[in-house]
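In order, the protein sequence lines correspond to chains A and B.
To convert, note that position 52 of the first sequence is 52 in this note's numbering; the numbers rise steadily by one, no gaps.
In this note's numbering, each residue's number is its place in the second sequence (first place is 1) plus 1000.
A short write-up of the structure that comes next.
2 protein chains.
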Amino acid sequence: MLLNILSYAHTLLKECLEEGDVAIDATCGNGHDTLFLSKTVGTSGKVYGFDIQEQAIQKTSQKLTENGCHNVTLIQDSHEKIHTFIKEDVFGGAIFNLGYLPNSDKSIITKPRSTVSAIEAILEKLKTNGLVILVIYYGHPGGEEEKEAVLSYTSQLNQKEYQVLQYSFINQQNQAPFIIAIEKKKRS
Amino acid sequence: MLLNILSYAHTLLKECLEEGDVAIDATCGNGHDTLFLSKTVGTSGKVYGFDIQEQAIQKTSQKLTENGCHNVTLIQDSHEKIHTFIKEDVFGGAIFNLGYLPNSDKSIITKPRSTVSAIEAILEKLKTNGLVILVIYYGHPGGEEEKEAVLSYTSQLNQKEYQVLQYSFINQQNQAPFIIAIEKKKRS
């Protein structure tokens, strides 16, 4: 399939990130995206990976070690606290997987308020043409609410400063995940 | 800008089309997409370009001549009549620009019924992983009606046979154009 949520998320990140950039995985999960970011920004770059769950941090850490990646700092805390943990002034890009950690406790989910607050924190320091990618899974209790909060926030971002793309499949019976991509037009 | 309607339409066509393919520009307009298709399928491929307006066919013909492209047949007729003019059995991909011809008579617009009927005709012969790209401009009288007809038709395409993507900017004040991309999962 050419049209695919996950491969499009990575295509976008590859287009916006350069070697040496600072990139953020706001929801490490199984570490799939963290590893991708690590390889994309290279040894001169830096990745920060957040997850509130110990299991996610452990899995991600293991995956990075297996792949010989040493440019990642993993943080077991909320992605809301980005400015506490990241001191660099400019971010190249970031990715969020909104929902719950697959094969894990489905009651532990990302929440609207902290999600929006983390997005805001990242946008503040995003480089020109940098991207924040949100992969939104919402077929779980609380998912619809988070989806609405994120759509409401992102659709109101000033069009002079940001381009906000929705990439979604419209002929699916189930609540298929979709992407919101926010591009910074020019850094203020 | 990384996120851009027109460059994404071409990116998708480039991904799905191979040299030697049959490609269709259902609305030649100024010939921009026709030229792109011609170069993409190469000298072993074939492009059919439709437009009901003489001015569009002339402009497109001129553009193709200037660029030394000889693999295109231009047809001044409705894209509804695809099966009358194209005898090949398999199409690689197609593009529609829905709306009116820029810098021209704004009362001459694509219409819901003939648009949907042309899409149907193309899907019938589309190769596996072939794409039909619709770039939808709807900020003109009649545009909203066509948009609704196309969304209604495409969102009901069987998800086992087709993947239907909507690619749109959600923070725009005006009626920004958007893309619908239909991918054939497997040829029956």
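In this text, a Cβ means the ideal position worked out from N, Cα and C, and glycines have one as well.
Separation of residue j from residue i, as counted between CA atoms
{"i": "Q1053(B)", "j": "D1077(B)", "result": "8 Å"}
{"i": "G42(A)", "j": "G93(A)", "result": "14 Å"}
{"i": "V116(A)", "j": "Y153(A)", "result": "7 Å"}
{"i": "A1009(B)", "j": "I109(A)", "result": "35 Å"}
{"i": "P177(A)", "j": "H1140(B)", "result": "32 Å"}
{"i": "V135(A)", "j": "L101(A)", "result": "13 Å"}
{"i": "E1015(B)", "j": "E15(A)", "result": "16 Å"}
{"i": "M1(A)", "j": "N129(A)", "result": "27 Å"}
{"i": "I82(A)", "j": "A121(A)", "result": "7 Å"}
{"i": "I57(A)", "j": "S1061(B)", "result": "59 Å"}
{"i": "E1124(B)", "j": "K127(A)", "result": "45 Å"}
{"i": "Y138(A)", "j": "L1131(B)", "result": "27 Å"}
{"i": "T1011(B)", "j": "H1070(B)", "result": "23 Å"}
{"i": "I133(A)", "j": "S1155(B)", "result": "24 Å"}
{"i": "I971(B)", "j": "L3(A)", "result": "With chain B represented from 1001 up to 1188, any question about residue 971(B) goes unanswered, as that position is not in the structure."}
Residue i and residue j closer than 8 Å at C-beta
{"i": "K1185(B)", "j": "E1148(B)", "result": "no"}
{"i": "Y1167(B)", "j": "I1179(B)", "result": "yes"}
{"i": "D51(A)", "j": "G68(A)", "result": "no"}
{"i": "I1095(B)", "j": "A1026(B)", "result": "yes"}
{"i": "S1038(B)", "j": "E1019(B)", "result": "no"}
{"i": "Y1114(B)", "j": "E1080(B)", "result": "Looking at the sequence provided, one finds Ser at residue 1114(B) rather than Tyr. Taking 8 Å as the Cβ cut-off, S1114(B) and E1080(B) qualify as a contacting pair."}
{"i": "T1040(B)", "j": "L1013(B)", "result": "yes"}
{"i": "E1146(B)", "j": "L1098(B)", "result": "yes"}
{"i": "L1157(B)", "j": "V1150(B)", "result": "no"}
{"i": "F995(B)", "j": "V1022(B)", "result": "Nothing about residue 995(B) can be reported from this structure: the residues present for chain B run from 1001 to 1188 only."}
{"i": "G31(A)", "j": "L64(A)", "result": "yes"}
{"i": "Q1175(B)", "j": "Q159(A)", "result": "no"}
{"i": "L1074(B)", "j": "G1049(B)", "result": "yes"}
{"i": "Q1055(B)", "j": "S1104(B)", "result": "yes"}
Residues that residue i contacts on chain A, provided the C-beta gap is smaller than 9 Å
{"i": "Y1162(B)", "result": "N171"}
Partners in chain B for residue i, counting only beta-carbon separations shorter than 8 Å
{"i": "T154(A)", "result": "I1170 and N1171"}
Residues that residue i contacts on chain A, provided the C-beta gap is smaller than 8 Å
{"i": "L1157(B)", "result": "N171"}
{"i": "E1015(B)", "result": "L2"}
Amino acids of chain B, ordered along the chain, whose beta-carbon sits closer than 9 Å to that of residue i
{"i": "L131(A)", "result": "L1002 and L1003"}
{"i": "Y167(A)", "result": "L1165, Q1166, Y1167 and S1168"}
{"i": "L12(A)", "result": "L1002 and L1003"}
Residue i Cβ short of 7 Å to the ligand MN heavy atom set
{"i": "A94(A)", "result": "The model depicted lacks the ligand MN and carries no ligand whatsoever."}
Neighbouring residues, chain A, relative to residue i (Cβ below 7 Å)
{"i": "E1183(B)", "result": "M1, L2 and L3"}
Beta strand (DSSP E) runs contained entirely in the stretch 110-178 of chain A, provided each spans 3 or more residues: Counting only runs of 3 or more residues that sit fully inside the stretch 110-178 of chain A, the beta strand (DSSP E) segments are 126-136 and 162-169, in chain order.
Residue ranges of each beta strand (DSSP E) within the stretch 1034-1111 of chain B, 3 or longer: Taking only runs of at least 3 residues, the beta strand (DSSP E) segments lying wholly in the stretch 1034-1111 of chain B are 1046-1050, 1072-1075 and 1091-1098.
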